[in-house]
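Q: Read in order, the letters of the sequence shown correspond to residues 1 to 364 in UniProt numbering. Yeah, the Cβ is synthetic: ideal placement off N, Cα and C, and Gly gets one too. My structure is below; once you've seen it, I'll send some questions.
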Amino acid sequence: MRVLSSFLYKKLLCLSPRPGLLGMNPAKGFTVSACIRLWRQHSHSKSSVVTAADLVNYWQDVFEKNEIPEPQTSSEYIISHVLGAKTFESLSARNICSPVSPALQEQIQQLCTKRLKRMPVQYVLGEWDFSDLTLKMNPPVFIPRPETEELVSLMVDEELSKRFTLECRKDPWLSPKTSGPVVLEVGCGSGAISLRLLKKLPHSRVIAIDKSEAAVNLAQENAERLQLQDRIKIFHHDLSSGPWDSLLSWGLIDTIISNPPYVFHEDIAHLAAEILSYEDLGALDGGEDGMNVIKEILNLSFYILKDCGNVFLEVDPRHPEMVANWLSSHPNLFLSVFAIHQDFCAKPRFLHIKKHRREDNRGP
């Protein structure tokens, strides 16, 4: 643990009624109000000049001492957000060294207090970037992870490559003006995947579904904020009970994409406190083998996916072999694993599954 020696922190530490108060673990009697009292004592002093750099150092140290994950990143994101920037690095040198007004200090204190309660930074800020999109974030809607950007890229690359091949097509070259694919996203959450696809594939249309009404409402709001609402239909729909024919308002689906609940049920209890306390566990828990929703998606593909259509899934690294074996035992679905792609940690994370022509009479 790095010990900070900022002038501000030393002054605050001297105000503490006894050493170590700022670093007490919540489980050992820490109260958020203790930090707030010390902060207010200092920030309300007429002789004090508090800069953005001071604030970052102070809150980073508080987070570290209270075992908040990613303390520096959390501090920098919160303070940058209040000062109107995306990142601390994007603040000008003048902004970093200029005094921060008491009103802004109060906003920072309020947000940092939420982080001390283990609220994820994305919820603390109320927004987060997914690739080049800024999305509104509200608990308990699932927070999109960075690796999911790669899932979107895989699907986009596949779609763009179709314009240079005649595989699975009888029609010739498609011009850029040709209508794009109809995509179904299962479990849309905040809308990150669907809205990114609409940005990257200007002629595409997306049907996005989620069993959480809060997720559907947030995805709709994000679509409107990005002015993409005309090319997306967002439904409150549960695959396990809802009729699939309601998903065909634009005809059969070209591609299904999903970051489904895939965490093995026994692993749920070991997730970070931020996840367990704030995120919708229904968007994470995939059942005993993590494949409950994965199997539902694959079964659905038989009915709504075009021949030679694609399914892109983000999965647990244990799933590629499990999915391949399951598909082998269900040849009537006409599906097979076409490719397995690694995430940036070199783990097998993404599945590309293809649907065969039924007249091909080929098993997976």
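Pick helix, strand or coil for residue 50, following the three-state DSSP scheme.
A: It is coil, neither helix nor strand.
Q: List the residues that DSSP assigns as beta-bridge partners of residue 208.
A: 185, 234.
Q: According to DSSP, is residue 103 helix, strand or coil?
A: The answer is helix: DSSP assigns residue 103 an H, G or I state.
Q: Could you give the DSSP three-state label for residue 81: helix, strand or coil?
A: Looking at residue 81 - three-state DSSP - the assignment turns out to be helix.
Q: What residue from 226, 233, 191 has the CA that sits closest to residue 205's CA?
A: The option with the nearest alpha carbon to residue 205 is 233.
Q: Sort out for me which residues DSSP pairs residue 285 with in a bridge.
A: Beta-bridge pairing links residue 285 to 263.
Q: Ordered along the chain, which non-local residues of its own chain (more than five positions away) have a Cβ less than 6 Å from that of residue 236?
A: Cβ neighbours of residue 236 beyond the five flanking positions: 213, 216.
Q: Just curious, the beta strand (DSSP E) that residue 134 is in, first and last residue?
A: 133-136 is the extent of the beta strand (DSSP E) around residue 134.
Q: Between residue 202 and the rest of its own chain, which residues show a CB-CB distance below 8 Å, the 5 nearest in sequence each way excluded?
A: Once the five neighbours on either side are set aside, the close Cβ partners of residue 202 are 180.
Q: Assuming residue 145 and residue 68 form a contact by the criterion Cβ under 8 Å, report the distance between their Cβ atoms to the nearest whole angstrom.
A: With a Cβ gap of about 19 Å, residue 145 and residue 68 do not count as contacting.
Q: Is residue 352 helix, strand or coil by DSSP?
A: Here residue 352 sits in strand by DSSP.
Q: Tell me which same chain residues have a C-beta within less than 8 Å of the C-beta of residue 347, skipping the five on either side of it?
A: Closer than 8 Å at the Cβ level, and outside the excluded window around residue 347, lie 317.
Q: Spatial neighbours of residue 267 within its chain, please: CB distance less than 7 Å, with the 5 preceding and 5 following residues excluded, ordered by chain position.
A: The answer is none, since no qualifying residue turns up.
Q: Which residues bound the beta strand (DSSP E) around residue 161?
A: Per DSSP, residue 161 belongs to no beta strand (DSSP E); it is in the alpha helix (DSSP H), 148-161.
Q: May I ask which residues mark the beginning and end of the beta strand (DSSP E) holding residue 128?
A: Element bounds for residue 128: 127-130.
Q: Check each candidate in 100, 289, 160 and name the one with the smallest Cα separation from residue 55.
A: The candidate whose alpha carbon is nearest that of residue 55 is 100.
Q: Candidates 229, 353, 82, 117: which alpha carbon is nearest residue 272's?
A: Ranking 229, 353, 82, 117 by Cα distance to residue 272 puts 117 first.
Q: Flag this pair as yes or no: are the beta carbons of residue 74 and residue 63 separated by less than 8 Å?
A: Result yes, Cβ atoms of residue 74 and residue 63 sit closer than 8 Å.
Q: I need the DSSP call for residue 336, collapsed to helix, strand or coil.
A: Residue 336 falls in the strand class under three-state DSSP.
Q: I want to know whether the segment 148-164 touches the segment 223-232 - three or more CB-CB distances under 8 Å.
A: In short, these stretches do not touch, since the Cβ pair count stays below three.
Q: If I'm right that residue 256 touches residue 184 with Cβ under 8 Å, what's the distance once you round it to whole angstroms?
A: Sure, about 5 Å apart at Cβ, within 8 Å.
Q: The beta strand (DSSP E) spanning residue 257 covers which residue range?
A: That run of the beta strand (DSSP E) goes 253-258.
Q: Mark residue 77 as exposed unless 16 or more other C-beta atoms lie within 10 angstroms of its C-beta, in which case mark it buried.
A: Residue 77 should be labelled buried.
Q: Using only CA atoms, which one of 311, 139, 72 lies nearest to residue 120?
A: Among 311, 139, 72, the Cα nearest to that of residue 120 is on 139.
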